[in-house]
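The next block holds one structure in the form of structure tokens; read it before the comments.
There are 2 protein chains.
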Amino acid sequence: MEGGMIIFCCSSSAGSPLVFFLEDKDQSLWWEFGGLCGFHIRGGRLERQPGSEGAERKKRVVVLGTGWAGTSFLKDLDISTYDVQVVSPRNYFVFTPLLPSVTSGTVEARSIVDPTYRGRGASLAPDWNSSLGVTVLNGWALRNKLLADCLKIDAANNKVFCRSNLDENLAGDPEFSLEFDYLVVAVGAQANTFNTPGVLENCHFLKIKEVDDAQKIRRSVIDRFEKSVLPGLTEEENKKNLHFVIVGGGPTESFLGAILQDEIHCISFELQIFDERISTFAKLKFIRDGIDVQTGCRVLGISDKEITMKTKSKGEVRQVPYGLVVLSTGVGPRPIVQGFMEQIDQGKRRMLATDEWLRDKGTENVYALGTIDQRKIVDDILSIFKAADKDNSGTLTIEEFQDVRDADGNPRKEVDFEGFKEALCLVDSQRKSLPATARVAAQQGSYLTKCFNHREQCAELPEGPRQFHGSGRHQFHPFWYKHLGQFAPLGGEQAATELPGDWVSMGCSTQWLWYSVYASKQVSWRTRFLVVSDWTRRFVFGRDSSRI
Amino acid sequence: MEGGMIIFCCSSSAGSPLVFFLEDKDQSLWWEFGGLCGFHIRGGRLERQPGSEGAERKKRVVVLGTGWAGTSFLKDLDISTYDVQVVSPRNYFVFTPLLPSVTSGTVEARSIVDPTYRGRGASLAPDWNSSLGVTVLNGWALRNKLLADCLKIDAANNKVFCRSNLDENLAGDPEFSLEFDYLVVAVGAQANTFNTPGVLENCHFLKIKEVDDAQKIRRSVIDRFEKSVLPGLTEEENKKNLHFVIVGGGPTESFLGAILQDEIHCISFELQIFDERISTFAKLKFIRDGIDVQTGCRVLGISDKEITMKTKSKGEVRQVPYGLVVLSTGVGPRPIVQGFMEQIDQGKRRMLATDEWLRDKGTENVYALGTIDQRKIVDDILSIFKAADKDNSGTLTIEEFQDVRDADGNPRKEVDFEGFKEALCLVDSQRKSLPATARVAAQQGSYLTKCFNHREQCAELPEGPRQFHGSGRHQFHPFWYKHLGQFAPLGGEQAATELPGDWVSMGCSTQWLWYSVYASKQVSWRTRFLVVSDWTRRFVFGRDSSRI
Numbered sequence: 001m002e003g004g005m006i007i008f009c010c011s012s013s014a015g016s017p018l019v020f021f022l023e024d025k026d027q028s029l030w031w032e033f034g035g036l037c038g039f040h041i042r043g044g045r046l047e048r049q050p051g052s053e054g055a056e057r058k059k060r061v062v063v064l065g066t067g068w069a070g071t072s073f074l075k076d077l078d079i080s081t082y083d084v085q086v087v088s089p090r091n092y093f094v095f096t097p098l099l100p101s102v103t104s105g106t107v108e109a110r111s112i113v114d115p116t117y118r119g120r121g122a123s124l125a126p127d128w129n130s131s132l133g134v135t136v137l138n139g140w141a142l143r144n145k146l147l148a149d150c151l152k153i154d155a156a157n158n159k160v161f162c163r164s165n166l167d168e169n170l171a172g173d174p175e176f177s178l179e180f181d182y183l184v185v186a187v188g189a190q191a192n193t194f195n196t197p198g199v200l201e202n203c204h205f206l207k208i209k210e211v212d213d214a215q216k217i218r219r220s221v222i223d224r225f226e227k228s229v230l231p232g233l234t235e236e237e238n239k240k241n242l243h244f245v246i247v248g249g250g251p252t253e254s255f256l257g258a259i260l261q262d263e264i265h266c267i268s269f270e271l272q273i274f275d276e277r278i279s280t281f282a283k284l285k286f287i288r289d290g291i292d293v294q295t296g297c298r299v300l301g302i303s304d305k306e307i308t309m310k311t312k313s314k315g316e317v318r319q320v321p322y323g324l325v326v327l328s329t330g331v332g333p334r335p336i337v338q339g340f341m342e343q344i345d346q347g348k349r350r351m352l353a354t355d356e357w358l359r360d361k362g363t364e365n366v367y368a369l370g371t372i373d374q375r376k377i378v379d380d381i382l383s384i385f386k387a388a389d390k391d392n393s394g395t396l397t398i399e400e401f402q403d404v405r406d407a408d409g410n411p412r413k414e415v416d417f418e419g420f421k422e423a424l425c426l427v428d429s430q431r432k433s434l435p436a437t438a439r440v441a442a443q444q445g446s447y448l449t450k451c452f453n454h455r456e457q458c459a460e461l462p463e464g465p466r467q468f469h470g471s472g473r474h475q476f477h478p479f480w481y482k483h484l485g486q487f488a489p490l491g492g493e494q495a496a497t498e499l500p501g502d503w504v505s506m507g508c509s510t511q512w513l514w515y516s517v518y519a520s521k522q523v524s525w526r527t528r529f530l531v532v533s534d535w536t537r538r539f540v541f542g543r544d545s546s547r548i
Numbered sequence: 001m002e003g004g005m006i007i008f009c010c011s012s013s014a015g016s017p018l019v020f021f022l023e024d025k026d027q028s029l030w031w032e033f034g035g036l037c038g039f040h041i042r043g044g045r046l047e048r049q050p051g052s053e054g055a056e057r058k059k060r061v062v063v064l065g066t067g068w069a070g071t072s073f074l075k076d077l078d079i080s081t082y083d084v085q086v087v088s089p090r091n092y093f094v095f096t097p098l099l100p101s102v103t104s105g106t107v108e109a110r111s112i113v114d115p116t117y118r119g120r121g122a123s124l125a126p127d128w129n130s131s132l133g134v135t136v137l138n139g140w141a142l143r144n145k146l147l148a149d150c151l152k153i154d155a156a157n158n159k160v161f162c163r164s165n166l167d168e169n170l171a172g173d174p175e176f177s178l179e180f181d182y183l184v185v186a187v188g189a190q191a192n193t194f195n196t197p198g199v200l201e202n203c204h205f206l207k208i209k210e211v212d213d214a215q216k217i218r219r220s221v222i223d224r225f226e227k228s229v230l231p232g233l234t235e236e237e238n239k240k241n242l243h244f245v246i247v248g249g250g251p252t253e254s255f256l257g258a259i260l261q262d263e264i265h266c267i268s269f270e271l272q273i274f275d276e277r278i279s280t281f282a283k284l285k286f287i288r289d290g291i292d293v294q295t296g297c298r299v300l301g302i303s304d305k306e307i308t309m310k311t312k313s314k315g316e317v318r319q320v321p322y323g324l325v326v327l328s329t330g331v332g333p334r335p336i337v338q339g340f341m342e343q344i345d346q347g348k349r350r351m352l353a354t355d356e357w358l359r360d361k362g363t364e365n366v367y368a369l370g371t372i373d374q375r376k377i378v379d380d381i382l383s384i385f386k387a388a389d390k391d392n393s394g395t396l397t398i399e400e401f402q403d404v405r406d407a408d409g410n411p412r413k414e415v416d417f418e419g420f421k422e423a424l425c426l427v428d429s430q431r432k433s434l435p436a437t438a439r440v441a442a443q444q445g446s447y448l449t450k451c452f453n454h455r456e457q458c459a460e461l462p463e464g465p466r467q468f469h470g471s472g473r474h475q476f477h478p479f480w481y482k483h484l485g486q487f488a489p490l491g492g493e494q495a496a497t498e499l500p501g502d503w504v505s506m507g508c509s510t511q512w513l514w515y516s517v518y519a520s521k522q523v524s525w526r527t528r529f530l531v532v533s534d535w536t537r538r539f540v541f542g543r544d545s546s547r548i
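Protein chains in written order, with the UniProt record's numbering: chain A, 1 to 548; chain B, 1 to 548.
Structure, rendered in structure tokens:
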């Protein structure tokens, strides 16, 4: 038994009971407890990881963030090859697509968060839940996940500087640093206010996808209803308090609007859903439900009482009193990423740029996932075209073109220069403008896991396309986003969806498709069970409007 | 349709959709929505309460608080006779006996709170859930429950002054006053720190029974575990952070200790459980589990790092470093009650005193439930004895004694003066020291409902005992607490219980009895379903240690 762990279960004055747990014969009991409640196992045999000593030093991977990108990366990473440290300000993963449901109380915050983010291979304890496909927070997670904010990335010295965000009164220095061989930056983004005055002070934000924000919105909505029944409020005051404004009109926002509309009928927001047919359908439905959809407006400023808006077409400026504003527009990099970008000469960019392999431009061993700007590939590949087109014919033969594929990923028989350029521009425009969604982040995370797990094999047998700047091939295939469609729940048991192949579906059946897709996409059986039981509860018992 | 409600569903700019809901033909749809989500019904036909206009003015009852006492009082109150207004800083009821489970994540906070606190007779909307015995937050609750703190009771003018605790930025004056014919004070108590220095600043409190406190304790426990894995902490620092201290040793505290002990083995607390056999059993079990039980200690002060304790027997003073202190000792009156006590000449008392009918001494129409001090009945009844004993024989004949009963409530054939006094003192000592528990509060609430519902009948046919100070009988039976036993969960699937008839049961089967009693005691099918599914979830998936 390693001495370092004894402290977890001893009291300064009760010495003897220690033996109870420290003796090996009781280990089975210990494991059993561990299976039931996360913490015991954490205090237990953490140091017993087989093969963790003696062998040659494993490469150290530091992962910043436990959102979609970080979690997807960690899920299948081979931890027998890497020594992994995760730094995150929260000790759980959030299923962000259901956050708008938290604002309305349809789904509980706790049902969509999961402290279990290591799937296969990492469970050091015999896990009696494994038959259900579930892992409780296990020894691996304890030792390798640190609850802290990363303050600074020092790429030149392969170090990150962190500060624990835990209770300040606790003993011990909250600041520490970690060294890495590879760094994976998956910290997400923060709301972009576009420097509009009053936004930070007076708005709620949903785009940054934190549980706190969703809960705050929920509580604010309830507050406004509760206020409306207090004695002495005029009709005018109530009208103002119950005017909910949502700025932004993507699928998340329309979802939020739809949900709030289930509660009240006075929401105005700008609507720009991905597909025009869906936009029209949604707009008509919202108008029918009493939602005032304002498109073509710009918010000039937000005071504590009013929003100042400007109509783009007529240039008309008007003040609208409000009770609640949710801003859900763009996102920008977090300060830590901003600081890192300045270090690697990307200070003037809007977002951190990576190459096709998600490696940050300007570094060798730092990767970024999630809210990033992937390098424009058109320029590079045009050079490749010219180099490959050895006979200067303006076309490539099938041999010359074997590594270049069309927008659908299929090999092309032959292509002329203009067609090639056009195809590439199409690809490029799709690639560089990947939205900051869960699915993009998850695909990037999984892609990077594959690269990390096959690093040695691919060093010997590179699987990537031919290199232009060097000789031979790139080690890995570049990252390629697969679009699988998008949902926009519209409230009142209606939803719209856009699927690949220009297929659009709207209405009640789509809502049921939405339910089943979102249930199946849950990361664990635990959250799946909880989310489905939340939906059931809502159907049977109605919404819970408790203000907690 | 009453105009006052239109504001709930209109937007300043979208006028037309209103018609959709205001037309009567759509009423069915409206009800259906209402059944699904609390709020719609709240904005709906609130003014349609049958018979609410025209009839003679109903007596106004103002209830302060929605805890056990207030909720039990409201549950069966006949609202066709009274006009009820409830003022409470929270819009839900908490099943407090399970709050300690919230600290450990065994049960979710939301599973033990219930926004539905009106049972029968109050649902103005056709409630499709009624087959399940559930009412969603309904029109009654909306119009009659105000989310506010009561600041002052003005008993002389039959008024209470309140201030909404909602978002300060909302339009409308947060302060208002309410007039009453009857006032029911059921605001609970607050932690009594006995003026021990440093307690307010450095302790967590569980006794005040708020959801917030339980959630803060949970988060603090998780913080301490997360801190323990950060790099660079010494063994000494970890030992300190993970030393949890619970001051107080009643059933609630032992429950908390038991739960925390499931997570860690270094808790010290004083133990004084109701029954000595249980105390001994619990103490042995806790010591076996590594909990350091210190009895006969007094806390002199708490700094941010250490507790100073004094052993009562030896007078030895020592400092104990700690990571977390939960104080769970006595309770005292809230400031609002303190102020009221001063008004009615009870300023020097420890608690608000009432007579046998729960009416505040010194007022005619103010009742108090929960944490109160019931009047000593011995003095009064001794006078009754002397007055009844007309022949000055020192004994009462059966006719003289017909309204006086023994400690078990049975009529007595004959009694001498000393025996009578002794019996009364026994009764009295039991009556005045009723603990501040859920069951006492609930019984008081139900008792008062009966008085209120039978006020007219009992005015004509009084059911109470003979009056001494006036002629005839008291209108009602006095309040009488029925003790039904008490549980003390001890962790690790063990519990102890004390039942009437001096019956004590301890062990694993008692834990199962505990589960079934607590499930059946839930106030609604909704919370029953949630609590049972939380327990199931914990068994199957383990505890959730997410820090939210």
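From the three backbone atoms N, C-alpha and C, an ideal C-beta is built for every residue, glycine too. Every value quoted in this text rests on a predicted model; they were computed, and no experiment measured them.
Is there at least one non-hydrogen atom of the ligand GDP closer than 6 Å to the beta-carbon of residue i?
i, result
"Ser-228/B", "In the structure shown, the ligand GDP is absent, as is every other ligand, since no ligand is present at all."
Please decide whether residue i counts as near chain A, where near means a Cβ-Cβ distance under 7 Å.
i, result
"Phe-176/B", "yes"
"Asn-91/B", "yes"
"Asn-241/B", "yes"
"Pro-500/B", "no"
"residue 568/B", "With chain B represented from 1 up to 548, any question about residue 568/B goes unanswered, as that position is not in the structure."
"Lys-283/B", "no"
"Asp-304/B", "yes"
"Asp-149/B", "no"
"residue 607/B", "Not covered by the structure: residue 607/B. The range shown for chain B is 1 to 548."
"Val-211/B", "yes"
Determine, for residue i, whether the minimum Cβ-Cβ distance to residues of chain B falls below 7 Å.
i, result
"Val-102/A", "no"
"residue 549/A", "The shown model of chain A, from 1 to 548, leaves out residue 549/A, and the question about it has no answer."
"Val-337/A", "no"
"Lys-312/A", "no"
"Phe-541/A", "yes"
"Val-63/A", "no"
Residue i and residue j: beta carbons closer than 7 Å?
i, j, result
"Val-160/B", "Leu-146/B", "no"
"Phe-476/B", "Cys-458/B", "yes"
How big is the Cα-Cα spacing for residue i and residue j?
i, j, result
"Ser-328/B", "Asn-144/B", "34 Å"
"Val-337/B", "Pro-489/B", "33 Å"
"Val-531/B", "Leu-358/A", "45 Å"
Please work out which residues of its chain come closer than 6 Å, Cβ to Cβ, to residue i, disregarding the five sequence neighbours upstream and downstream, and give them in chain order.
i, result
"Arg-538/A", "Thr-106"
"Val-366/B", "Ala-155, Leu-183 and Asp-360"
Suppose the cutoff is 7 Å on Cβ atoms and the five residues either side in sequence are ignored; what does the same chain contact list for residue i look like?
i, result
"Gly-485/A", "Thr-497, Glu-498, Leu-499 and Pro-500"
"Ser-509/A", "none"
Which chain B residues sit within Cβ distance under 7 Å of residue i?
i, result
"Ser-533/A", "Ser-533"
Mind listing the chain A neighbours of residue i? Cutoff is C-beta to C-beta under 8 Å, in chain order.
i, result
"Gly-232/B", "Gly-172, Asp-173 and Phe-176"
"Ala-109/B", "Ile-548"
Counting only beta-carbon atoms, is residue i nearer than 7 Å to chain C?
i, result
"Asn-169/A", "Any reference to chain C falls outside this structure, whose protein chains are A and B."
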